[in-house]
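Residues 51 to 516, numbered by the working numbering, are exactly what the sequence shown covers, in order. In this text, a Cβ means the ideal position worked out from N, Cα and C, and glycines have one as well.
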Amino acid sequence: MESLATIHSVPIGKWNVGGGNAISIQTMMGRGVENEISWRRELEDIAAEGCHLVRVAIPSELALQQFQRLRRDLSCDAIAFIGDVHFQGKLAIDALEVCEKIRINPGNFASHGARSMAIVDKDTLEGERKRIEKMAKKFFSRARECNCSVRIGSNGGSLSNHHRMSSASAELAAIASVLEMVQWAEEVDLKNLVASFKWSDPISTLLINEMAREKFNSLGKNYPFHLGVTEAGNGLEARIKNAIAVGILLSKNIGDTLRLSLTEKSVNEIRFAKKLLDFLNRHRLCLEILKEKSKELLCQLKKFSDEHWIDDLQESQSGSYDDEILGLIGQLLSVENANFLPDITTFPPWKREAVRCLLQIFRLGRFHGEIIACPTCGRTQYNVAETLDHVRRRFSRLKHLKIAVMGCVVNGPGEMSDADYGYIGSANGKVNIYHRGQCVRRGIDEAHAIDALEEMIRQNGDDCVE
Ligand code: SF4
51 MESLATIHSV
61 PIGKWNVGGG
71 NAISIQTMMG
81 RGVENEISWR
91 RELEDIAAEG
101 CHLVRVAIPS
111 ELALQQFQRL
121 RRDLSCDAIA
131 FIGDVHFQGK
141 LAIDALEVCE
151 KIRINPGNFA
161 SHGARSMAIV
171 DKDTLEGERK
181 RIEKMAKKFF
191 SRARECNCSV
201 RIGSNGGSLS
211 NHHRMSSASA
221 ELAAIASVLE
231 MVQWAEEVDL
241 KNLVASFKWS
251 DPISTLLINE
261 MAREKFNSLG
271 KNYPFHLGVT
281 EAGNGLEARI
291 KNAIAVGILL
301 SKNIGDTLRL
311 SLTEKSVNEI
321 RFAKKLLDFL
331 NRHRLCLEIL
341 KEKSKELLCQ
351 LKKFSDEHWI
361 DDLQESQSGS
371 YDDEILGLIG
381 QLLSVENANF
391 LPDITTFPPW
401 KREAVRCLLQ
411 IFRLGRFHGE
421 IIACPTCGRT
431 QYNVAETLDH
441 VRRRFSRLKH
451 LKIAVMGCVV
461 NGPGEMSDAD
471 YGYIGSANGK
481 VNIYHRGQCV
491 RRGIDEAHAI
501 DALEEMIRQN
511 GDDCVE
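And the structure:
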C-alpha cells in the first residue's frame, strides 16, 4: 500500500514517508536504553520482522548519551530512529544530532507540565505561547541544520493551554496547535515535517484525521500524516481499535506511516501492521457499512446476553488471532461484503466479543467498561501489560466507567485526563491513583495498587452495575 503522490515526501534515514512511497511501519521500544542487553534484543526482533522506523523514549540527557553510545555500536542500519521527547525543549534540540527524526507534542513542548494547568488569564497564556514559540523556532532551525525530520504529534489528552482555552472543541484545538507549530517550522524553512492526531477513541481518531487532512489540504500544507490510536490496550480490543481507525483512514487515502499501538511486545505491533497493510491491499473499509448492519447484529447478540467472555480473551493476547480479527472486520466493514451479514450465533465466544467491541467502539451499545492502557516505553515504571489484564478482569463489568492504566507520570496524567479513574506508575514499582483528573493517592506499592483502586471505586459509589 502506498501513500498519495500529492503528499510531500519526508526523508527519515533511509526511508521516505509520503509522496507516493510505501506506507512505512513504526513501533516504539518498550525497553529503556539503560537496559542495554534487552534493548538490543528487542531491536533485533523488530528489525527481523521488518520494522522501518522505531521511536525511542529520551527522558533525560543521560538517556540521550546512553542512546548515542548504543547507536554507535549498532550494525542495524535498516531502521531509522525517532527520539521521543516531552516537556524539555533543550533536550529535544540536543537529540536532533543523534536521531533521524524527533517527535514532539505541541501540547507539552517546552511547557511546564502539570503546573501549566493553572494558567488561565489571557496575558499569561500569551506569555506562555511566546515562550514556546521562541523555543520551538530554535528547535526547528537546528533540525534543518541537522537534516533531521520532525513529527508534530498531538494527542487528545494533552493539548496546549492556549489552544484548549481558545478553541470550540478538543479536535479544533489539536488541529490549531499542530498548524501553529507547522507555521513556526516553515518560518525557519523546515519542511521535513510529519503531523499526527491521536485519540484513545478510534472514531474520534478517524474524524479528527479526516478534518485535519481537509484543513491541511485547504491551506496547501501537504505534509504526511502518521496514523495511530493512542492507549489502545492489548489483545482483541486493541487490534480492533487500530484496524478500524487506521484501516478506514487508509481506505480513504489518508495516512503515510503508521504505528499500531499495543500494550504487548513491540514486535507484535510490526506483525499486526504488516498483516493490516496486506489486508488493506485486498479490502476497502467503510464505517457506514457497519452502521447499516448494526441493528441485526445487536438482535443476534441478545441471545448471548449472559455470556462471560473474559476467560476466553486471554487467548487473543498472543497475536495468534490477528488474521481472524482482520477476517471478521473484512466481513463486517468491507465494501466488498456490504450486503453480507454473518450468523454470529455460530461464532465462538471470542468472536462474539469482537463484534461487541466493534459495536461499542461505534457507540452502538455498551457491553463493558472502557479500559485503556498506554503501549509502554522506556519510561514505564511497572508491568503495565499484566496490570491491564488484572484491571480488565476486575473492572470491565462496570460498564459506565473508563479506566486508564498508564506507565508513567510524564505523559500518563495528561493523556488519560478524560478517564474516570487512572492507575499511573509514579516511580519504580509505585503507583498513583487518579479520580477524574485529580491525583487522590500517591506512591502505592504496585502489589496493593489494584486493591486501592477497587476501594476508591467503592468509596465513590461507582461499583454498582446496572
Ligand atoms: S504513558 Fe506509557 S507510553 Fe506514554 S510515556 Fe509514559 S510509559 Fe511511555
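Ligand 1 heavy atom lying under 7 Å from the CB of P463: As a first step, residue 463 must be located in the sequence shown, where it is residue number 413. At a cut-off of 7 Å, the beta-carbon of P463 does not count as near ligand 1: no heavy atom of the ligand is closer than that.
Kindly examine ligand 1 and report whether one of its heavy atoms sits closer than 7 Å to the Cβ of G82. As a first step, residue 82 is located in the sequence shown; it is residue number 32 there, counting from the start. Every heavy atom of ligand 1 is 7 Å or more from the Cβ of G82, so no.
L414 versus E264 - alpha carbon distance: In the sequence shown, residue 414 corresponds to position 364, counting from 1. In the sequence shown, residue 264 corresponds to position 214, counting from 1. So the two alpha carbons sit approximately 27 Å from each other.
With distance defined between alpha-carbon atoms, name the residue in V434, C336, R201, I132 nearest to A240. Reading the sequence shown from its first residue, position 190 is the one you call residue 240. The sequence shown places Leu at residue 240, rather than the Ala named in the question. Distance from the Cα of L240 is smallest, within the candidate group V434, C336, R201, I132, for R201.
With DSSP run on the structure shown, which of helix, strand or coil describes C489? Walking along the sequence shown from the start, residue 489 turns up at place 439. Note: C489 maps to strand in three-state DSSP.
Status (buried if at least 16 other CB within 10 Å, exposed otherwise) for E230: Stepping through the sequence shown from its first residue, residue 230 is reached at position 180. Within a 10 Å sphere around the beta-carbon of E230 sit 16 or more other beta-carbons, which makes this residue buried.
Considering only DSSP beta bridges, list what G268 is partnered with. In the sequence shown, the residue the question calls residue 268 occupies position 218. According to the sequence as given, residue 268 is Ser; it is not Gly. According to DSSP, which records beta bridges pairwise, S268 is partnered with nothing at all.
At the level of alpha carbons, what is the spacing between E338 and H418? Taking the first residue of the sequence shown as 1, we reach residue 338 at position 288. Taking the first residue of the sequence shown as 1, we reach residue 418 at position 368. Between the alpha carbons of E338 and H418 lies a distance of about 23 Å.
Pick out whichever of R402, F275, M261 has its Cα sitting closest to the Cα of N66. Residue mapping note: residue 66 aligns to position 16 of the sequence shown, counting from 1. Of the candidates R402, F275, M261, F275 places its Cα closest to the Cα of N66.
Under 7 Å: does the beta carbon of R429 sit that close to some heavy atom of ligand 1? On the sequence shown, residue 429 is found 379 positions in, with the first residue counted as 1. Short note on R429: C-beta closer than 7 Å to some heavy atom of ligand 1.
CB of A107 to nearest heavy atom of ligand 1: below 7 Å? Numbered from 1 along the sequence shown, position 57 holds the residue referred to as residue 107. Here the distance from the Cβ of A107 to the nearest heavy atom of ligand 1 is below 7 Å.
Thinking C-alpha only, which one of C196, L348, K271, V148 is nearest H58? As a position in the sequence shown, residue 58 is number 8, starting the count at 1. Checked all of C196, L348, K271, V148; the closest Cα to H58 is K271.
Looking only at its chain, what residues have a beta carbon closer than 7 Å to the beta carbon of E183, apart from the 5 residues adjacent to it on each side? One-based indexing of the sequence shown puts residue 183 at position 133. Only W234 meet the Cβ criterion.
Three-state secondary structure (DSSP) of P425: Walking along the sequence shown from the start, residue 425 turns up at place 375. In the displayed model, P425 falls within coil according to three-state DSSP, outside both helix and strand.
Nearest residue (CA-CA) to S355, options P399, C489, G511, K452: Your numbering for residue 355 matches position 305 in the sequence shown. Ranking the options by Cα distance to S355, first place goes to P399.
What residue does the beta strand (DSSP E) around K151 start on, and which one ends it? Here the question's residue 151 lines up with position 101 in the sequence shown. Counting along the chain, the beta strand (DSSP E) containing K151 begins and ends at 151 to 154.
Quick check on T280: does DSSP put it in helix, strand or coil? Against the sequence shown, residue 280 aligns to sequence position 230. Residue state, collapsed to three classes: coil.
Span separating the alpha-carbon of Q367 from that of E314: Translated into the one-based positions of the sequence shown, residue 367 becomes position 317. Translated into the one-based positions of the sequence shown, residue 314 becomes position 264. Residue placement at Q367 cannot be trusted, given a pLDDT of 49 that sits under 50; the coordinates are not used to answer.
For D134, count neighbouring Cβ atoms within 10 angstroms of its own Cβ and tell me buried if that reaches 16, exposed if not. Looking up residue 134 in the sequence shown gives position 84. By the neighbour-count criterion, in which 16 or more other beta carbons inside 10 Å mark a residue as buried, D134 falls on the buried side.
Between L141, I143, V106, R90, which lies nearest to F131 when the distance is taken from Cα to Cα? Position 81 of the sequence shown holds residue 131. Ranking the options by Cα distance to F131, first place goes to V106.
Beta-bridge partners of Q76, as assigned by DSSP: For the purposes of this step, residue 76 is taken as the residue at position 26 of the sequence shown. Looking at the DSSP output, Q76 shares a beta bridge with L103.
Whole angstroms are fine: how far does the CA of V279 sit from the CA of A288? Indexing the sequence shown from 1 puts residue 288 at position 238. Indexing the sequence shown from 1 puts residue 279 at position 229. So the alpha carbons of these two residues sit roughly 9 Å apart.
Coarse secondary structure for G285, derived from DSSP in three states: Working through the sequence shown from its first residue, we reach residue 285 at position 235. Here G285 carries a helix assignment [DSSP, helix/strand/coil].
Taking its Cβ as the centre, do 16 or more other Cβ atoms sit within 10 Å of K401, making it buried, or is it exposed? Taking the sequence shown and counting its residues from 1, the one referred to as residue 401 is at position 351. Taking all protein chains in view, the Cβ of K401 is crowded by 16 or more other Cβ atoms within 10 Å, so the residue is classified as buried.
Check: C126 C-beta below 7 Å from any heavy atom of ligand 1: For this step, residue 126 is matched to residue 76 along the sequence shown. Every heavy atom of ligand 1 is 7 Å or more from the Cβ of C126, so no.
Candidates R81, E86, V104, E92: which alpha carbon is nearest A307's? Against the sequence shown, residue 307 aligns to sequence position 257. As written in the sequence, residue 307 is Thr, which differs from the Ala given in the question. If we check each option's Cα against that of T307, V104 comes out closest.
Would the C-beta of G457 count as close to ligand 1, meaning under 7 Å from any of its heavy atoms? Translated into the one-based positions of the sequence shown, residue 457 becomes position 407. G457 Cβ: within cutoff of ligand 1.
Taking DSSP's pairing of strands, which residues face W65 in a bridge? Mapped onto the sequence shown, residue 65 falls at position 15. Beta-bridge partners of W65 (DSSP): I62.
Let me check understanding here. Comparing Cα to Cα, which of A497, E436, V441, N433 lies closest to E420? Counting from one through the sequence shown, the residue named residue 420 turns up at place 370. Out of A497, E436, V441, N433, the CA that lies nearest to the CA of E420 is found in V441.
Do L408 and I290 come within 8 Å of each other at the CB atom, strictly closer than that value? What you label residue 290 is simply residue 240 of the sequence shown in a count that begins at 1. What you label residue 408 is simply residue 358 of the sequence shown in a count that begins at 1. Yes, these two residues count as a Cβ contact at 8 Å.
Grab me the residues of I507's own chain with a C-beta within less than 6 Å of its C-beta, minus the 5 sequence neighbours each way, in chain order. Against the sequence shown, residue 507 aligns to sequence position 457. The residues are D513.
Using 8 Å as the cut-off, can you tell me whether the region 292 to 311 makes contact with the region 253 to 261, which would need three or more C-beta pairs spanning the two stretches below that distance? Because the criterion of three Cβ pairs below 8 Å is met, the region 292 to 311 and the region 253 to 261 touch.
V148 beta carbon near ligand 1 (any heavy atom closer than 7 Å): Position 98 of the sequence shown holds residue 148. If you check the C-beta of V148 against ligand 1, you find no heavy atom less than 7 Å away.
Excluding five sequence neighbours on each side, which residues of the same chain lie with their C-beta closer than 7 Å to the C-beta of G68? Taking the first residue of the sequence shown as position 1, residue 68 is located at position 18. Excluding sequence positions up to five before and after G68, its CB lies within less than 7 Å of the CB of S53, I57, H58, S59, V60, P274, D306, all in the same chain and listed in chain order.
Relative to the C-alpha of N71, which candidate in E236, I62, D171 has its C-alpha closest? In the sequence shown, counting from the first residue as 1, residue 71 sits at position 21. Relative to N71, the option among E236, I62, D171 whose CA is nearest is I62.
Have a look at F48 and Y432 and give me their C-alpha separation to the nearest angstrom. Because residue 48 is not part of the residues shown, which for the chain are 51 to 516, the question remains open.
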